[in-house]
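In our numbering, the protein residues as written are 30 to 562.
Take a look at the structure set out below.
Structure representation (structure tokens):
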């Protein structure tokens, strides 16, 4: 620890003048009650780069070993450079009347001892690192573009922390071996301080060995599918294999996160089916869709997407879903009404264009969902990394996060299907926010959102031959005469996608303006041709 007025000698481990300065500093600390020292010993190979960095940060000009400075912490200033050994000796003589009479021979002996001690300490550090097991992270379909965007995020220290070393394994098919080899080399070139090892695996039986984090990306395939039924059934073999291998090879507390833009809910459901002991540790990422909705709203409101919070995604993340704006808030909004830090406006209270909410907003999200536009590698990778970060360190306090999880009957949703719903992350796990006020879903909405998910599961398992999209009920075009705490639905007759408007008031003024509180339900089936990577 460094306290007021103390010296900080630093130098090369094999420098005789550093040895002489070290001996003088030890003597001063032993004989002066308020004098403290803090030594920094550097290997000769590291010395020049370290010295240049220290001098640049402190705006000093010093080029030899040792370098000695005083830190005046109680005065709030930066360190005061004394110089090298000669300046330090002059300082000791002037202020404390103490000099040094060390011989050259003794200087060389101490310098050699310093070098040996420093080398031993560095070896001990490396041995200690070897005793600490790195976090085992596996990425499937690692030859994909998403993986290339994801790796730098995982190795930035923002997801797992700078103290957690990572052993990264990239898993894909044998024919992607050359691609995987190139990605491994690029990853090594990042020279990330948190990366212990990076390798690739194409051997099925070795997949997920001791894995603590498994990231399931959209699988690449050369097979063509010609209808929805064959597309759904084609997901089963790989999910069955992954589920078996996860149960067999992975760590018992492994975290499995399913990301991408292809049948996320179904794949997550199948993984849970074939790895039942890990049901609560297998989730689907919904932050990508949530981010798209925030960006569309932000462009309309002329604000920044990151200022919009608590947009909730219900249902099928990559299919029929329901974008709920009842709890949506915008912070730091440029308007006539401003408040202290933490003050927010309801998003719906600022968008007066009801037609935009019920038509253009829906069309925009429908187009993004059906074409996959603006959901490339960057957004998918960022959504996965952010979800993982929340899983390890918790989501922002008070913020609602959308997540695809196995339903246990919350909000009246049938059990046994993976359904996107509002959650929060805390203490290394996630919790469904069933205690949110005025957030119930009508039976019609639930049936519509769950109908497709249930059919996907039945068709994939072979219990249902054909997939029949849930049709809109014409009666939904008529507003429901229910109370303020229930929902009413309005369907667009010219589209298989509908706009649903909950009649639940977020602000008192809505009672005077009418039922302007709106949610958006949108969805589309993805292309039957899988993405070629």
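A virtual CB, placed ideally from N, CA and C, is assigned to each residue, including glycine.
It should be emphasised that the depicted structure is a prediction, and the values quoted were computed from it without experimental measurement.
Could you check whether the region 352–364 touches the region 297–317, counting it as contact only if at least three pairs of C-beta atoms, one from each stretch, sit closer than 8 Å?
no
Buried or exposed: which applies to residue 414, given that a residue is buried once 16 or more other Cβ atoms fall within 10 Å of its Cβ?
As a first step, residue 414 must be located in the chain shown, where it is residue number 385. Residue 414 should be labelled buried.
Using a threshold of 8 Å, state whether the C-beta atoms of residue 49 and residue 114 are closer than that.
To locate residue 49, count along the chain shown from 1; it is residue 20. To locate residue 114, count along the chain shown from 1; it is residue 85. Yes; because the gap between Cβ atoms is below 8 Å, this pair is in contact.
Using beta-carbon positions only, say whether residue 200 and residue 344 come within less than 8 Å of one another.
Your numbering for residue 200 matches position 171 in the chain shown. Your numbering for residue 344 matches position 315 in the chain shown. Contact flag unset, no.
Please return the same chain residues whose Cβ sits closer than 7 Å to the Cβ of residue 225, not counting the five positions on each side in sequence.
Walking along the chain shown from the start, residue 225 turns up at place 196. Around residue 225: 163, 194, 195 and 196.
Tell me the rounded alpha-carbon separation between residue 111 and residue 124.
To locate residue 111, count along the chain shown from 1; it is residue 82. To locate residue 124, count along the chain shown from 1; it is residue 95. If you take the alpha carbons of residue 111 and residue 124, they lie about 13 Å apart.
Between which two residues does the alpha helix (DSSP H) containing residue 257 stretch?
As a working note, residue 257 is residue 228 in the chain shown. First-last of the alpha helix (DSSP H) with residue 257: 257–262.
So is residue 371 in contact with chain D if we call contact Cβ pairs under 8 Å?
In the structure shown, chain D cannot be found, because there is only a single protein chain.
Do you know whose CA, among 426, 478, 436 and 467, lies nearest residue 454's CA?
Position 425 of the chain shown holds residue 454. The shortest Cα separation from residue 454 among 426, 478, 436 and 467 belongs to 426.
Quick check: what's the CA-CA separation for residue 172 versus residue 418?
As a first step, residue 172 must be located in the chain shown, where it is residue number 143. As a first step, residue 418 must be located in the chain shown, where it is residue number 389. Their Cα atoms are separated by approximately 23 Å.
Taking a contact to mean a Cβ-Cβ separation below 8 Å, would you say residue 237 touches residue 275 in this structure?
Locating residue 237 in the chain shown gives position 208, where the first residue counts as 1. Locating residue 275 in the chain shown gives position 246, where the first residue counts as 1. In contact: residue 237 and residue 275 (Cβ atoms closer than 8 Å).
Taking C-alpha atoms, which residue in 322, 428 and 188 lies nearest to residue 392?
Within the chain shown, the letter at position 363 stands for residue 392. Closest by alpha carbon: 322.
Under the DSSP definition of a beta bridge, which residues are partnered with residue 374?
Looking up residue 374 in the chain shown gives position 345. Beta-bridge pairing links residue 374 to 359.
Alpha carbons only, please: which of 76, 341, 117 and 298 is nearest the one belonging to residue 52?
What you label residue 52 is simply residue 23 of the chain shown in a count that begins at 1. Looking at the Cα atoms, 117 is the closest of the given residues.
Return helix, strand or coil for residue 496, following the three-state DSSP convention.
For the purposes of this step, residue 496 is taken as the residue at position 467 of the chain shown. In the structure shown, residue 496 sits in coil (DSSP, three-state: anything other than H, G, I, E or B).
DSSP on residue 464, reduced to helix/strand/coil?
As a working mapping, residue 464 is identified with position 435 in the chain shown. It is coil, neither helix nor strand.
Quick one: does the C-beta of residue 83 sit closer than 7 Å to a heavy atom of the ligand FAD?
In the structure shown, the ligand FAD is absent, as is every other ligand, since no ligand is present at all.
Contact check, residue 354 vs residue 377 under 8 Å by CB: the rounded distance?
The sequence position of residue 354 within the chain shown is 325, counting from 1. The sequence position of residue 377 within the chain shown is 348, counting from 1. Residue 354 to residue 377, Cβ: 6 Å. Contact.
Below 8 Å between beta carbons: does that hold for residue 295 and residue 264?
Against the chain shown, residue 295 aligns to sequence position 266. Against the chain shown, residue 264 aligns to sequence position 235. Taking 8 Å as the Cβ cut-off, residue 295 and residue 264 qualify as a contacting pair.
For residue 480 and residue 498, what's the separation of their Cα atoms in angstroms?
For this step, residue 480 is matched to residue 451 along the chain shown. For this step, residue 498 is matched to residue 469 along the chain shown. C-alpha separation (whole angstroms): 8 Å.
Quickly, what does DSSP pair residue 284 with across the bridge? List them, please.
Walking along the chain shown from the start, residue 284 turns up at place 255. DSSP lists 242 as the beta-bridge partner residues of residue 284.
Taking DSSP's pairing of strands, which residues face residue 391 in a bridge?
Locating residue 391 in the chain shown gives position 362, where the first residue counts as 1. Note: residue 391 sits in no beta bridge, so no partner.
Which first and last residues belong to the beta strand (DSSP E) in which residue 424 is found?
For the purposes of this step, residue 424 is identified with residue 395 of the chain shown, where counting begins at 1. Unbroken run through residue 424: none, as it is neither H nor E.
What does the alpha-carbon distance come out to for the pair residue 422 and residue 261?
For the purposes of this step, residue 422 is taken as the residue at position 393 of the chain shown. For the purposes of this step, residue 261 is taken as the residue at position 232 of the chain shown. Taking the straight line from one Cα to the other gives about 35 Å.
Would you mind reading off the limits of the beta strand (DSSP E) that contains residue 306?
In the chain shown, residue 306 corresponds to position 277, counting from 1. Counting along the chain, residue 306 falls outside any beta strand (DSSP E), and DSSP gives it neither H nor E.
Starting from the C-beta of residue 443, find all residues in its chain whose C-beta is less than 6 Å away, skip the five residues before and the five after it, and write them out in chain order.
As a first step, residue 443 is located in the chain shown; it is residue number 414 there, counting from the start. Taken in chain order, the residues that qualify are 479.
Reducing DSSP to helix, strand and coil, say where residue 149 ends up.
By one-based count along the chain shown, residue 149 stands at place 120. Here residue 149 sits in helix by DSSP.
According to DSSP, which residues form a beta bridge with residue 198?
As a first step, residue 198 must be located in the chain shown, where it is residue number 169. Answer is 167 and 228, bridged to residue 198.
Pick out whichever of 439, 204 and 458 has its Cα sitting closest to the Cα of residue 577.
In this structure the chain extends from 30 to 562, so residue 577 is not present and cannot be described.
Tell me the rounded alpha-carbon separation between residue 119 and residue 333.
Residue numbering aside, residue 119 sits at position 90 when the chain shown is read from its first letter. Residue numbering aside, residue 333 sits at position 304 when the chain shown is read from its first letter. Near 59 Å, if we compare the C-alpha coordinates of residue 333 and residue 119.
Quick one: grab the DSSP three-state call for residue 89.
In the chain shown, the residue the question calls residue 89 occupies position 60. In this structure, residue 89 counts as coil in the three-state DSSP scheme.
Less than 6 Å between C-beta atoms, sequence neighbours within five positions excluded: which residues of the same chain meet that for residue 272?
As a first step, residue 272 must be located in the chain shown, where it is residue number 243. These residues qualify, in order along the chain: 300, 303 and 304.
Sort out for me which residues DSSP pairs residue 449 with in a bridge.
Counting from 1 along the chain shown, the entry for residue 449 is found at position 420. Answer is 344 and 433, bridged to residue 449.
By the 10 Å Cβ neighbour count, where 16 or more other Cβ atoms means buried, how is residue 372 classified, buried or exposed?
Here residue 372 refers to the residue found at position 343 when the chain shown is read from its first residue. Looking at its Cβ environment, which holds fewer than 16 other Cβ atoms inside 10 Å, residue 372 is exposed.
Please tell me whether residue 436 and residue 445 are closer than 8 Å, where the distance is taken between their beta carbons.
Your numbering for residue 436 matches position 407 in the chain shown. Your numbering for residue 445 matches position 416 in the chain shown. Their beta carbons are under 8 Å apart, which means residue 436 touches residue 445 by this criterion.
CB-CB under 7 Å to residue 248, same chain, minus the five flanking residues each way: which ones, in chain order?
Within the chain shown, residue 248 is the residue found at index 219, counting from 1. Within the same chain, residue 248 has close Cβ partners 170 and 267.
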